[in-house]
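Each residue of the sequence shown is one higher than the one before, starting from 532 at the first, in this note's numbering.
Before any comments, here is the structure.
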Amino acid sequence: MEIQSSKKWVMPFIAALFAMLCLQMSNLGFSPLLPSIQTEFGLSYSQIGLFTGMYGIIAILFSVPTGLAIKRWGEKNVLLVGSTIVILGLFLLSQSANFTSALVNRAIWIGGYRFCFIAILTAVSLTAPSHLKGRVMGIVGAVASLASVIGAPLAGGLAERFGWRYGFAGYIVTDLLSLIVIYFFYTRQSQGQVGTLHQVGNESEKSTVNAFKLPFVWGLGLVISMAGMSSLTITYFVPSAADAIFGMKKTETAWIISLGYLLAIPVNLFAGYCSDKYSKWWTVITLTTISIVSLYFLSSKNQTVFTYAAILVLASSFACTNQNYSIAGEVVKGKETGNVMGLISLLTGISAYLGPQLLGILRDKTGAFDAGWFFIMTIVSIALVGIFILKKFVKA
Numbered sequence: 532m533e534i535q536s537s538k539k540w541v542m543p544f545i546a547a548l549f550a551m552l553c554l555q556m557s558n559l560g561f562s563p564l565l566p567s568i569q570t571e572f573g574l575s576y577s578q579i580g581l582f583t584g585m586y587g588i589i590a591i592l593f594s595v596p597t598g599l600a601i602k603r604w605g606e607k608n609v610l611l612v613g614s615t616i617v618i619l620g621l622f623l624l625s626q627s628a629n630f631t632s633a634l635v636n637r638a639i640w641i642g643g644y645r646f647c648f649i650a651i652l653t654a655v656s657l658t659a660p661s662h663l664k665g666r667v668m669g670i671v672g673a674v675a676s677l678a679s680v681i682g683a684p685l686a687g688g689l690a691e692r693f694g695w696r697y698g699f700a701g702y703i704v705t706d707l708l709s710l711i712v713i714y715f716f717y718t719r720q721s722q723g724q725v726g727t728l729h730q731v732g733n734e735s736e737k738s739t740v741n742a743f744k745l746p747f748v749w750g751l752g753l754v755i756s757m758a759g760m761s762s763l764t765i766t767y768f769v770p771s772a773a774d775a776i777f778g779m780k781k782t783e784t785a786w787i788i789s790l791g792y793l794l795a796i797p798v799n800l801f802a803g804y805c806s807d808k809y810s811k812w813w814t815v816i817t818l819t820t821i822s823i824v825s826l827y828f829l830s831s832k833n834q835t836v837f838t839y840a841a842i843l844v845l846a847s848s849f850a851c852t853n854q855n856y857s858i859a860g861e862v863v864k865g866k867e868t869g870n871v872m873g874l875i876s877l878l879t880g881i882s883a884y885l886g887p888q889l890l891g892i893l894r895d896k897t898g899a900f901d902a903g904w905f906f907i908m909t910i911v912s913i914a915l916v917g918i919f920i921l922k923k924f925v926k927a
């Protein structure tokens with residue numbers, strides 16, 4: 532236990548947390564800009580679904596290659612390259628002349644994001660002691676939630692004053708800071724097993740079971756993807772729904788997103804504590820159940836009920852996803868951790884594409900958002916059944 536007492540993992544962990552904060556400010560915070568983008572380019576809700584669902588398409592294409600890249604070159608190098616691509620993509624998106632160019636530029640941005648996201652999850656999973664995995668992922672979720680609390684009002688405020696294109700300016704600055712912090716303060720010291728310290732990608736690292744051959748990893752990835760479908764889908768579509776149904780302004784819709792992720796901070800921390808102290812499985816079961824009930828109330832025509840339902844969906848589903856990742860981090864350790872995160876990220880990417888895309892199509896076909904809310908609620912309910920099934924095979 533000497534390595535744990537030395538706390539050598541703390542500095543790399545803090546650097547990774549800062550990178551997550553900067554990365555998620557744009558990914559989770561830019562949704563208040565969507566109504567303006569939709570208006571300027573004359574987009575249908577199906578096209579908005581494609582624009583936001585690009586997140587999932589890129590995840591499908593890049594997740595497994597990213598895991599393999601991390602295994603070969605290490606999480607630090609992948610994170611640095613990814614951050615550079617994110618900055619480039621954000622700048623190009625702010626200069627887009629039409630929907631086609633905006634779609635391509637978002638793909639560049641999200642391509643970089645995918646490299647960064649998996650590298651950060653790998654860094655966190657490998658640096659933190661095993662007995663703190665739940666709490667550590669709770670902290671990661673809380674930091675990501677804080678990012679939206681900062682990022683959504685930042686983008687909304689800049690858009691109100693200068694237009695949506697300037698809403699991306701703040702994100703470019705914070706990602707530049709992230710690049711600097713990772714370069715100087717992330718040492719690539721990674722804890723693959725309790726009591727051992729190694730660098731990812733070293734030949735001296737002991738070989739472990741291939742993550743792609745574990746049925747549990749595939750099953751967990753499927754459950755995570757379905758349970759987490761509500762988080763990003765609601766994040767992207769709540770501003771549009773609030774604007775269309777209740778006539779809410781950008782700053783008002785930004786605060787719905789911010790309050791949801793603000794609530795997610797204590798929820799993530801408490802969920803992490805319960806996950807380590809009691810049961811990871813019952814923690815995610817409870818969070819998933821809260822998400823399902825809250826999704827039902829999104830169909831309310833009362834603005835207050837709609838607002839609180841959206842806040843609860845965001846907080847519970849986001850915390851649930853992070854705790855599922857803490858389970859994933861315990862499945863396979865060492866060199867295969869990047870592959871585990873990459874494989875699960877691939878499956879979540881499918882949901883991240885299908886959720887916004889299908890909700891947008893349902894909105895265009897029915898003229899209302901209710902069918903989309905109930906569709907997401909059904910998917911998350913199926914995920915809850917899957918969690919109970921997986922729980923029978925693994926004790927966690």
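Using N, Cα and C, we set each Cβ at its ideal position, and we do this for glycine too.
C-alpha gap between residue i and residue j, whole angstroms
i: Ala686; j: Ser625; result: 12 Å
i: Thr897; j: Phe768; result: 15 Å
i: Gly694; j: Ile703; result: 16 Å
i: Ser831; j: Ala700; result: 35 Å
i: Val655; j: Arg603; result: 18 Å
i: Thr909; j: Thr820; result: 12 Å
i: Ile918; j: Trp813; result: 9 Å
i: Ser825; j: Leu843; result: 6 Å
i: Ala883; j: Lys539; result: 35 Å
i: Phe593; j: Leu581; result: 17 Å
i: Phe747; j: Leu921; result: 8 Å
i: Tyr804; j: Ile670; result: 10 Å
i: Asn853; j: Phe572; result: 35 Å
i: Ser562; j: Ser789; result: 11 Å
i: Thr817; j: Ala628; result: 45 Å
i: Arg692; j: Lys781; result: 11 Å
i: Thr835; j: Lys607; result: 44 Å
i: Met556; j: Gly682; result: 4 Å
i: Pro684; j: Lys923; result: 43 Å
i: Met542; j: Tyr714; result: 13 Å
i: Ala773; j: Ser756; result: 25 Å
i: Met779; j: Tyr839; result: 15 Å
Residue nearest to residue i in terms of C-alpha spacing, selected from the options
i: Ile892; options: Gln569, Gln578, Ala550, Gly752; result: Gln578
i: Gly560; options: Leu800, Trp786, Ala550, Ala638; result: Trp786
i: Phe900; options: Phe582, Ala850, Phe837, Thr583; result: Phe837
i: Leu481; options: Val635, Thr615, Gly605; result: A query on residue 481 cannot be resolved here, the shown segment of the chain reaching from 532 to 927 and no further.
i: Ser806; options: Asn636, Gly613, Arg666; result: Arg666
i: Val911; options: Leu677, Arg894, Leu790, Thr879; result: Thr879
i: Met551; options: Ile649, Gly598, Ser632; result: Ile649
i: Ser848; options: Trp749, Phe777, Asp774, Ser676; result: Ser676
i: Phe630; options: Leu829, Arg645, Thr705, Met585; result: Met585
Extent of the continuous alpha helix (DSSP H) run through residue i
i: Ser825; result: 811-828
i: Arg696; result: Where Arg696 is concerned, there is no enclosing alpha helix (DSSP H), given that its DSSP letter is neither H nor E.
i: Gln578; result: 576-604
i: Asn833; result: Neither: Asn833 is in no alpha helix (DSSP H) and is coded neither H nor E.
i: Leu751; result: 746-758
i: Asn636; result: 630-658
i: Lys922; result: 901-922
i: Gln569; result: 565-572
i: Gly791; result: 781-808
i: Gly778; result: First-last for Gly778: undefined, no H or E at that position.
i: Tyr702; result: 700-716
i: Gly560; result: 541-560
Same chain only: Cβ atoms within 6 Å of residue i, ignoring 5 sequence neighbours per side
i: Leu554; result: Cys647
i: Glu734; result: The predicted position of Glu734 is uncertain, since its pLDDT is 42 and thus under 50; a value taken from the coordinates is nonetheless stated next. The answer is none, since no qualifying residue turns up.
i: Ser738; result: Bear in mind that a pLDDT of 44 at Ser738, under 50, signals an unreliable position, so the model cannot answer this.
i: Leu800; result: Gly669, Ala673
i: Gly643; result: Gly613, Ile616, Val617, Gly620
i: Thr583; result: Tyr767, Pro887
i: Thr718; result: Pro543
i: Val798; result: Ala846, Ala850
Cβ shell of residue i (< 8 Å), same chain only, five flanking positions each side left out
i: Ser771; result: Leu565, Pro566, Gln569, Tyr576, Ile579
i: Ile907; result: Met760, Ser761, Thr764, Ile765, Leu826, Gly886, Leu890
i: Ile915; result: Residue identity check: residue 915 is Leu in the sequence provided, not Ile. So the list reads Ala758, Ile816, Thr819, Thr820, Ile823, once near-sequence residues are dropped.
i: Val754; result: Asn855, Ala914, Gly917, Ile918, Leu921
i: Leu877; result: Ala590, Ile591, Ser594, Val595, Gly752
i: Asp895; result: Ser575, Tyr576, Ser577
i: Ile931; result: Since the displayed the chain opens at 532 and closes at 927, residue 931 lies outside it and no answer follows.
Close beta carbons around residue i, own chain, < 7 Å, minus the five adjacent residues each side
i: Leu708; result: Cys553
i: Val680; result: Ser789, Tyr792, Leu793
i: Ala600; result: Val609
i: Leu623; result: Asn636, Ile639
i: Leu689; result: Tyr697, Gly698, Ala700, Gly701
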